[in-house]
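Novice: Encoded as structure tokens, here's the structure I'll be asking about.
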Amino acid sequence: MFRFQSAVKNKHEEVSPVWEKMARESLVAADRLQAAVSEVDESMEQLQELSELSSALDLGLKAGSERSLEQMQESLAVVQEVASSAQRIQDAAEQLHLRSDKTLQEASRITKSLAEADGTIRSLAESQQSISGPLGDLENNTHHLNKLYEELEGIAGEVSLLALNASIEAARLGEQGRGFDVVASRMRQLAEQSTAAIGNSAPLFRQISNEVSRVKDTIKQGQSSAMDGVALLRSMGDDIRYISEEIASVNEHVAETGRLSMEQSEMTRNMKVMMQEVHQVLQSNIIHVDGALQRMDSQRVHISRLKSVAAGLHLAQDELLSSLDTVRGVLDQQDTGLTSAYVEEIGQAFADKLHAEAASGLYEEMNIDTHHTALKSLLAREAGLEAAWTNRADGTFIVSIPEAGLLNAKGREWFRQAMKGSAVISDVYVSAITKQRCITLSVPITKGGAIIGVLGADLSLG
């Protein structure tokens, strides 16, 4: 570390050109060191903030991953239960499908049997209908026979009466009527035999007539019952057909249920595989997050060490600046012919030129090539400018001619004031480029009334 106090015996003495050059270069180096240390401090603060933010995010990610892992495990258990239920549903659907098929077959068989029974009963009804005609004729004939028997009974009565009259006449005639008496006796015998025969056969014919009537009534009842049976079978057939159609519909739904159940089982298996993969990814994420947290802890240790180094740089910077303050005072007291009025006048003149340049519209698009061309033209027109640059609103440099010694200007006063809308004219200082006295000028770049950046330049004072 240079100690210029020991080299300067009298701050009012004339400084030699060599010593003045070395002093100016030392001042420039001190300024650069100060800027570098400031950027290191700012970078460490940002790094510390990023580290803390990353740690917080990683902790949140780890906690979220652990919760997701627990939920995934629960979901896997639920999916397993769903898969088991889907398999049971599929098995039940298959059994129901088989039973529905059997029921449908049985219903078809019953329908066929009912059709056969319907045909049989119809045939029976038709047979009974064909018997009804002859039975009617038979009943009519029995009625005729009854009438005939009644007539025969009348005739037999009349014959018996004639025989009685003949016997009376024969008795009255005596010997002459004996022949009539024999005939009358024989006629009486025949009449008695006829009456007896008719009397014996009449109940049989009446029984036959009654039986014929009863059979006829029975056939009529059977025919009516057969027709009722046909109607009942027809109704049963319709019911069976309806049941068959419903069973067929149920069977289709059962088959569709089985198919959908199989698809559900397949999707459940696929979901289980995907969830297992997600489970593995979550476990891997937790492992990676743990590793990241360990690296963050290590990064905090290095940041702490870097802060210690920065503290040492600050101490060295303060010592160097303290030593250079004496040199700066000696240089400031040299007769350069630069009055404060002159510096203010020339600074304001060039500040007005920068204002006009910034308002030209060349810098509104923030394009590197456009800015580079415009700045080169500006430096060519204005011989007193030794450097020119443009900054974005975040302090980063768009273009700097020559290359800037800073990465970001947001810590510099000329940038902060220009971003507030002011034109800045700095105090006189030693240029890092020419190692001669200069001032810094800066003005805002606007677009549509909004400040979008800064146009700056170093004006050499010789």
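Numbering (the UniProt record's numbering), first residue to last: 1 to 462.
Glycine included, each C-beta is placed from N, C-alpha and C at the ideal position.
Who are the near neighbours of His372 in its chain, counting only those whose CB is closer than 6 angstroms to its CB and skipping five residues on each side?
Specialist: Numbered from its first residue, the sequence shown carries residue 372 at position 372. Around His372: Val399.
Novice: Does chain B have any CB closer than 9 angstroms to the CB of Leu362?
Specialist: No chain B appears in the structure shown, which is made up of a single protein chain.
Novice: Span of the beta strand (DSSP E) holding Ala387?
Specialist: As a working note, residue 387 is residue 387 in the sequence shown. From DSSP, the beta strand (DSSP E) with Ala387 extends over 385-392.
Novice: If you reduce the DSSP assignment to three classes, tell me which class Ser460 lands in.
Specialist: In the sequence shown, residue 460 corresponds to position 460, counting from 1. Ser460: strand per DSSP, three-state reduction.
Novice: Three or more C-beta pairs closer than 8 angstroms, one from the segment 261-278 and one from the segment 104-113: is that the case here?
Specialist: Counting Cβ pairs under 8 angstroms, fewer than three are found: no touch.
Novice: Considering Ser377, what are the terminal residues of the alpha helix (DSSP H) in which it resides?
Specialist: For the purposes of this step, residue 377 is identified with residue 377 of the sequence shown, where counting begins at 1. Where Ser377 is concerned, the enclosing alpha helix (DSSP H) stretches over 368-381.
Novice: Scan the segment 79-121 and note each continuous alpha helix (DSSP H) run of 4 residues or more that stays entirely inside, going in chain order.
Specialist: With a minimum length of 4 residues, no continuous alpha helix (DSSP H) run stays inside the segment 79-121.
Novice: For the alpha helix (DSSP H) that Arg437 lies in, which residues bound it at each end?
Specialist: In the sequence shown, the residue the question calls residue 437 occupies position 437. Not the alpha helix (DSSP H): Arg437 falls in the beta strand (DSSP E), residues 437-447.
Novice: Could you spell out the range, first to last residue, of the beta strand (DSSP E) harbouring Ser340?
Specialist: If you number the sequence shown from 1, residue 340 lands on position 340. No beta strand (DSSP E) contains Ser340, which is instead part of the alpha helix (DSSP H) from 340-358.
Novice: Which residues mark the beginning and the end of the alpha helix (DSSP H) in which Gln417 is found?
Specialist: The residue labelled residue 417 in the question sits at position 417 within the sequence shown. First-last of the alpha helix (DSSP H) with Gln417: 413-419.
Novice: Determine the DSSP secondary structure at Ala450, reduced to helix, strand or coil.
Specialist: Here the question's residue 450 lines up with position 450 in the sequence shown. The answer is strand: DSSP assigns Ala450 an E or B state.
Novice: Use the C-beta contact count for Gln90: other C-beta atoms within 10 angstroms, 16 or more gives buried, fewer gives exposed.
Specialist: As a first step, residue 90 is located in the sequence shown; it is residue number 90 there, counting from the start. Its Cβ being crowded by 16 or more others within 10 Å, Gln90 is buried.
Novice: Taking the beta carbon of Ser249 as the centre, do at least 16 other beta carbons fall within 10 Å, making it buried, or is it exposed?
Specialist: The count along the sequence shown starts at 1 and reaches residue 249 at position 249. Looking at its Cβ environment, which holds fewer than 16 other Cβ atoms inside 10 Å, Ser249 is exposed.
Novice: In terms of residues, what are the limits of the beta strand (DSSP E) holding Val399?
Specialist: Here residue 399 corresponds to residue number 399 of the sequence shown, with the count starting at 1. 397-401 is the span of the beta strand (DSSP E), which, as asked, contains Val399.
Novice: Would Tyr363 be called buried (16 or more neighbouring beta carbons within 10 Å of its own) or exposed?
Specialist: Here residue 363 is taken as the residue at index 363 of the sequence shown, counted from 1. That one is buried.
Novice: Spatial neighbours of Arg437 within its chain, please: C-beta separation below 6 angstroms, excluding the five flanking residues on both sides.
Specialist: Residue 437 sits at position 437 when you count from the first residue of the sequence shown. Within the same chain, Arg437 has close Cβ partners Val428, Leu461.
Novice: Can you give the Cα-Cα distance for Phe350 and Leu61, rounded to whole angstroms?
Specialist: Along the sequence shown, one-based indexing puts residue 350 at 350. Along the sequence shown, one-based indexing puts residue 61 at 61. Spanning the two alpha carbons is a distance of roughly 55 angstroms.
Novice: For Pro444, count neighbouring C-beta atoms within 10 Å of its own C-beta (all shown protein chains included) and say buried if the count is 16 or more, exposed if not.
Specialist: Here the question's residue 444 lines up with position 444 in the sequence shown. Classification of Pro444: buried, given that the 10 Å Cβ count is 16 or more.
Novice: Whole angstroms is fine: what's the gap from Gly291's alpha carbon to Glu70's?
Specialist: For this step, residue 291 is matched to residue 291 along the sequence shown. For this step, residue 70 is matched to residue 70 along the sequence shown. Their Cα atoms are separated by approximately 21 angstroms.
Novice: How would you label Arg412, buried or exposed, when you count the other beta carbons within 10 angstroms and need 16 or more for buried?
Specialist: Locating residue 412 in the sequence shown gives position 412, where the first residue counts as 1. Its Cβ being crowded by 16 or more others within 10 Å, Arg412 is buried.
Novice: Shortest alpha-carbon distance to Ala93 belongs to which of Thr339, Leu455, Ser261?
Specialist: Here residue 93 refers to the residue found at position 93 when the sequence shown is read from its first residue. For Ala93, the nearest C-alpha among the options comes from Ser261.
Novice: Whole angstroms is fine: what's the gap from Leu293's alpha carbon to Ser442's?
Specialist: The sequence position of residue 293 within the sequence shown is 293, counting from 1. The sequence position of residue 442 within the sequence shown is 442, counting from 1. Leu293 and Ser442: Cα-Cα distance of roughly 44 angstroms.
Novice: If contact is defined by three or more beta carbon pairs under 8 angstroms, each pair taking one atom from either stretch, is the segment 244-259 in contact with the segment 48-60?
Specialist: Not touching, per the Cβ criterion.
Novice: Just the Cα atoms here: how many angstroms apart are Ser85 and Ser265?
Specialist: Reading the sequence shown from its first residue, position 85 is the one you call residue 85. Reading the sequence shown from its first residue, position 265 is the one you call residue 265. Their Cα atoms are separated by approximately 9 angstroms.
Novice: Give the straight-line distance between the Cα atoms of Leu331 and His288, rounded to the nearest whole angstrom.
Specialist: Translated into positions along the sequence shown, residue 331 becomes position 331. Translated into positions along the sequence shown, residue 288 becomes position 288. The predicted position of Leu331 is uncertain, since its pLDDT is 48 and thus under 50; no value can be drawn from it.
Novice: Leaving aside the five residues before and after Ala418 along the sequence, list all residues of the same chain whose C-beta is less than 7 angstroms from its C-beta, in chain order.
Specialist: Within the sequence shown, residue 418 is the residue found at index 418, counting from 1. Correct list, in chain order: Val424, Ser442, Val443, Pro444, Val454.
Novice: So, with DSSP's three-state summary, where would you put Val430?
Specialist: Against the sequence shown, residue 430 aligns to sequence position 430. Residue state, collapsed to three classes: strand.
Novice: Taking the alpha-carbon positions, what's the Ser360 to Leu59 distance?
Specialist: Within the sequence shown, residue 360 is the residue found at index 360, counting from 1. Within the sequence shown, residue 59 is the residue found at index 59, counting from 1. Taking the straight line from one Cα to the other gives about 51 angstroms.
Novice: Use the C-beta contact count for Ala341: other C-beta atoms within 10 angstroms, 16 or more gives buried, fewer gives exposed.
Specialist: To locate residue 341, count along the sequence shown from 1; it is residue 341. Exposed, since its Cβ has fewer than 16 Cβ neighbours within 10 Å.
Novice: So, is Ala387 buried or exposed, given that buried needs 16 or more other C-beta atoms within 10 angstroms?
Specialist: The residue given as residue 387 occupies position 387 in the sequence shown. Label assigned to Ala387: buried.
Novice: Apart from the five residues on each side of it in sequence, which residues of its chain come closer than 8 angstroms, Cβ to Cβ, to Asp101?
Specialist: On the sequence shown, position 101 is the one that residue 101 refers to. Answer for Asp101: Asn251, listed in chain order.
Novice: Does the Cβ of Lys447 have 16 or more other Cβ atoms within 10 Å, making it buried, or fewer, making it exposed?
Specialist: Stepping through the sequence shown from its first residue, residue 447 is reached at position 447. The residue is exposed, with fewer than 16 neighbouring Cβ atoms inside 10 Å.
Novice: Give the straight-line distance between the Cα atoms of Val301 and Leu57, rounded to the nearest whole angstrom.
Specialist: Locating residue 301 in the sequence shown gives position 301, counting from the first residue. Locating residue 57 in the sequence shown gives position 57, counting from the first residue. Val301 and Leu57: Cα-Cα distance of roughly 19 angstroms.
Novice: Use the C-beta contact count for Lys147: other C-beta atoms within 10 angstroms, 16 or more gives buried, fewer gives exposed.
Specialist: The residue given as residue 147 occupies position 147 in the sequence shown. When all chains shown are included, Lys147 counts as exposed.
Novice: Please return the same chain residues whose Cβ sits closer than 8 angstroms to the Cβ of Arg206, not counting the five positions on each side in sequence.
Specialist: Counting from one through the sequence shown, the residue named residue 206 turns up at place 206. Only Asn146 meet the Cβ criterion.
Novice: Would DSSP call Leu362 helix, strand or coil?
Specialist: Translated into positions along the sequence shown, residue 362 becomes position 362. If DSSP states are grouped into helix, strand and coil, Leu362 belongs with coil.
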